[in-house]
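Working notes for the structure below.
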Amino acid sequence: MVYAVDFDGTLCVNAFPEIGAPRHEIINFVKGRRRDGDKIILWTCRSGWALESAIRWCMRHGLEFDAVNDNLAENIASFNNNSRKVSADFYIDDRNLSLEV
Numbered sequence: 544m545v546y547a548v549d550f551d552g553t554l555c556v557n558a559f560p561e562i563g564a565p566r567h568e569i570i571n572f573v574k575g576r577r578r579d580g581d582k583i584i585l586w587t588c589r590s591g592w593a594l595e596s597a598i599r600w601c602m603r604h605g606l607e608f609d610a611v612n613d614n615l616a617e618n619i620a621s622f623n624n625n626s627r628k629v630s631a632d633f634y635i636d637d638r639n640l641s642l643e644v
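Mapping of the sequence shown onto my numbering: residues 544 to 644, in sequence order.
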């Protein structure tokens, strides 16, 4: 399975452009999915220095991604196209989940 995971408000409490407190339940879920062989895409509106800060923060929290704001290489090859829409089986975002922390 492929999971596209938002950053602000999902992996951490929303404090943009700063980075809020970690949401350990979501972080642990994502790490578990990857450990079980699922693919993880960091799916965020951040760009430039803000994106780089988010990626470093994720690395410090043990999160690894198969893609960042992009489709997986195998999907690009399969469709011979890299659409602007990130393709995933599940989208984890504070706008579509009730995150109680």
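Glycine included, every Cβ here is placed at the ideal spot set by N, Cα and C.
On the criterion of 16 or more Cβ atoms from any shown chain inside 10 Å, does residue i qualify as buried, or is it exposed?
| i | result |
| --- | --- |
| ASN557 | exposed |
| PHE550 | buried |
| ASN639 | exposed |
| ASN624 | exposed |
Can you name the start and end residues of the beta strand (DSSP E) that residue i belongs to?
| i | result |
| --- | --- |
| PHE633 | 633-635 |
With residue i and residue j assumed to form a contact (beta carbons below 8 Å), what rounded beta-carbon distance in angstroms separates them?
| i | j | result |
| --- | --- | --- |
| TRP600 | ALA547 | 18 Å between Cβ atoms; not a contact. |
| SER630 | ASN614 | 6 Å |
| PHE608 | ILE584 | 6 Å |
When DSSP labels each residue in this structure, what does residue i get in the three-state scheme?
| i | result |
| --- | --- |
| VAL644 | Confidence at VAL644 is low in this model, with a pLDDT of 46, below 50, so its placement is unreliable and no value can be given for it. |
| LEU585 | strand |
| ALA610 | strand |
| ALA522 | Absent from the structure is residue 522, since the part of the chain shown begins at 544 and ends at 644. |
| ALA547 | strand |
Check for me: the alpha helix (DSSP H) holding residue i runs from which residue to which?
| i | result |
| --- | --- |
| VAL573 | 567-578 |
| ALA620 | 616-622 |
Say whether chain D places a C-beta atom closer than 8 Å to the C-beta of residue i.
| i | result |
| --- | --- |
| GLU561 | The structure shown contains no chain D; it holds only a single protein chain. |
(Q) Whether or not the segment 596-615 and the segment 559-569 are in contact is what I'm after, with contact meaning three or more pairs of Cβ atoms, one per stretch, closer than 8 Å; do they touch? (A) yes
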